[in-house]
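Protein chains in written order, with this note's numbering: chain B, 328 to 710; chain E, 2 to 319.
Written out as structure tokens, the structure reads:
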């Protein structure tokens, strides 16, 4: 397995190199350079423009600039944003990346769980009206025009029903008098979620020896108790209202992100499940007289998990790109919105930095999923 | 390849092309039978035909019933109505947009371009992926390694983000988008699937037979492997159309493409003029275009899924 992992990591690094090269080529293929901005300005003479070019290193040969570009990328020097002058691009990325990550991870988890269980049912009830109906809904959700869907959701929940805020990260009126800033509260929220995940994992692995029914009881009670305790602690603290406000702003983007992504898993799961349902062990399980539910969940669906997980890995870059659209529609200040606003305001360093980040995120998510896959698949584990 | 073509063929009563045509017809009828069993695919096909009729009807309507000055999708203006946008009426079935253009006319006009975009992108990507896949599977070795590594890299790139930056930096028109998307997809994940299919074809007896009969490498690839890759390639064409139209709509919604009219631009216009939250009277600005994009993408995807059940024997019911 170590050989497999090392191979994958080397491949990821190679891909990153190609990605950065692509970015450099895109940038370098532009006609002219930054000094063209001053062409119509009589105060900036030709000599001054030459001076700017020399200062920025634009007069050097392309190969030298390419090496410089790679060096800057590795050392994290992504330049200074035009739009958010004088903050550096790296600073903005560090502030906004967690917001994208939280949205992306939560949505992916929910979407995968929902898609997996629905796909299982689709295959099981093949040929019924339920299957055709749900497939139709699934395909429409999968290919739905995300900006339009987001706007419709805003119109329905934000404007007509007034249940949820129409967008943005927080409500400025509520935060005007608060003593802490948004990143502080958001950091605490993420920490809570992290502790909770670790706790659930610990419970999951420590109850493995128990029988199925006891295990279910232990899981649900401990998850409920710990979740309740976390909510209580937050509600009693003086920043509980602020955190609630932040969470309320998160509901709509999360909903749209999840709805758009669950169908992909569902449709793949259906096809994979159809294949595993024909295997001999499923017939054997039936012949043993096991209840249909057990045959479906433990024998057929369990074996369909791996191919579906592979499909999830492949769809990660697409899901991250799709996040750009969702974030923009809901003005969620993550990397996607940053990329689009940078692009629309011709803030080239910021756009390149955001694109670099999204590329790195896609590659890292790919790697993490790959590692998880190598743990799940015994054929790789025992190689 | 030239050697292979000059080989004397055994004379048969029927000309060869007629036999081929008959065989093709037979296999088409067979596939159609399988395709027809699935209502999902038929729904998709129905929607595609509907959009096809809409885009065909537009030039006819413009030439006969609709006055060009009032109903032109880009520069039309209806001076007979006092305030725009106007709600749906007998004169404008889907109403007019904020600058007085007929929404139905825009919708029908755009359908034609979406078809063009989708077909161009799909053709580019399928020609690339089939050629690369077949060549990589047939020759193996270094060629295979290089193309498969490229495909691995391509599947890991975030397309939409790259296209957003590309369209912002360069003057992107519909044809450029179709070409770039086709190339990105064609060298990417599609190639891997088509190559694995080509690998199973490569070991079939008829390939050996063709080689024994003196067929060259390229002759075998183009006349014996290609036809057998076609069904799978056709399936991927459908999915590429979905992706291309979706990305075009998203990019033109953000105003990054240099095109005059499309479904994405229609939504962009409605949102940019502030009619998003203006109430139920203005929903005709948002609903038709958004629904058109969604239905168009869904239809091609549905047909692709139904084809999957035809092409992939493991998914068949029998």
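Beta carbons: idealized from backbone N, C-alpha and C, even for Gly.
Query	Result
Would residue 658 of chain B pass as an interface residue toward chain E - the criterion being a Cβ-Cβ separation below 7 Å?	no
Which residues does DSSP pair with residue 415 of chain B in a beta bridge?	B/407
Evaluate contact between the stretch 469-476 of chain B and the stretch 294-302 of chain E, counting only Cβ atoms and requiring at least three cross-stretch pairs below 8 Å.	yes
Buried or exposed: residue 231 of chain E, going by 16 or more other Cβ atoms within 10 Å of its Cβ?	exposed
Keeping to the same chain, check which residues put their C-beta closer than 6 Å to that of residue 250 of chain E; ignore five residues upstream and five downstream.	264, 265 and 294
Check the Cβ of residue 649 of chain B against every Cβ in chain E and list those closer than 8 Å, keeping chain order.	161
Quick check: the stretch 350-364 of chain B against the stretch 687-704 of chain B, are at least 3 beta-carbon pairs closer than 8 Å?	no
Is the shortest distance between the beta-carbon of residue 459 of chain B and the beta-carbons of chain E less than 7 Å?	yes
Can you pull the DSSP bridge partners for residue 97 of chain E?	E/103
Do you know offhand how far residue 72 of chain E's Cα is from residue 85 of chain E's?	14 Å
Short of 7 Å Cβ to Cβ, which residues in the stretch 182-197 of chain E face chain B?	190
Roughly how many whole angstroms lie between the Cα atoms of residue 604 of chain B and residue 597 of chain B?	10 Å
Residue 47 of chain E by DSSP, collapsed to three states: which one?	helix
Is the CB-CB distance between residue 211 of chain E and residue 134 of chain E below 7 Å?	no
Using a cut-off of 7 Å between C-beta atoms, extract the partners of residue 532 of chain B located in chain E.	The premise fails here: residue 532 of chain B is roughly 31 Å from chain E at the closest Cβ pair, so nothing lies under 7 Å.
Quick check on residue 255 of chain E: does DSSP put it in helix, strand or coil?	coil
Quick one: list the residues of chain B neighbouring residue 275 of chain E, beta-carbon separation under 8 Å, in chain order.	Those within 8 Å of residue 275 of chain E in chain B number zero; the least Cβ separation is about 12 Å.
Considering only their Cβ atoms, is the gap separating residue 87 of chain E from residue 320 of chain E smaller than 7 Å?	Since the first residue of chain E shown is 2 and the last is 319, residue 320 of chain E is not available in this structure.
Specify the secondary structure class of residue 35 of chain E as computed by DSSP and reduced to three states.	helix
Just reading off the alpha helix (DSSP H) that residue 15 of chain E is part of, what are its end residues?	Here residue 15 of chain E belongs to no alpha helix (DSSP H), and DSSP marks it neither H nor E.
My guess is that residue 407 of chain B and residue 394 of chain B are in contact by the Cβ rule of under 8 Å, so how many angstroms apart are they, rounded?	Rounded, the Cβ-Cβ distance is 21 Å, inconsistent with contact.
Pull out every residue of the stretch 459-480 of chain B whose Cβ sits closer than 8 Å to any Cβ of chain E, in chain order.	459, 462, 463, 466, 467, 469, 470, 471, 472, 473, 474, 475, 476, 478 and 479
According to a CB-to-CB cut-off of less than 7 Å, which residues of the stretch 274-304 of chain E neighbour chain B?	277, 278, 287, 291, 294, 295, 298, 299, 302 and 303
Residues in its own chain within less than 7 Å of residue 584 of chain B by CB, not counting five upstream and five downstream?	430, 434, 650 and 653
Closer than 7 Å, CB to CB, is residue 486 of chain B near chain E or not?	yes
On the CB-based measure, 16 or more other CB atoms within 10 Å of its CB, does residue 3 of chain E come out buried or exposed?	Low confidence applies to residue 3 of chain E: its pLDDT is 49, below 50, so where it sits in the model is not reliable enough to give any reading.
With distances taken Cα to Cα, identify the nearest neighbour of residue 476 of chain B among E/15, E/36 and E/277.	E/277
Spatial neighbours of residue 673 of chain B within its chain, please: CB distance less than 7 Å, with the 5 preceding and 5 following residues excluded, ordered by chain position.	none
Mapping DSSP to helix, strand and coil, what is residue 269 of chain E?	helix
Can you determine whether any heavy atom of the ligand FMN sits closer than 6 Å to the C-beta of residue 592 of chain B, and answer yes or no?	Within the structure as shown, the ligand FMN is missing, as the structure has no ligands at all.
By a C-beta neighbour count over all protein chains shown, 10 Å radius and 16 as the cutoff for buried, is residue 27 of chain E buried or exposed?	exposed
For the alpha helix (DSSP H) containing residue 591 of chain B, list its first residue and its last residue.	567-603
If you draw a straight line from the alpha carbon of residue 99 of chain E to that of residue 287 of chain E, how long is it in whole angstroms?	12 Å
Please confirm if residue 109 of chain E has its CB atom under 7 Å from at least one CB of chain B.	no
Take residue 734 of chain B as the anchor and find which of B/331, B/388 and B/516 has the nearest alpha-carbon.	Missing from the structure shown is residue 734 of chain B; chain B here goes from 328 to 710 and no further.
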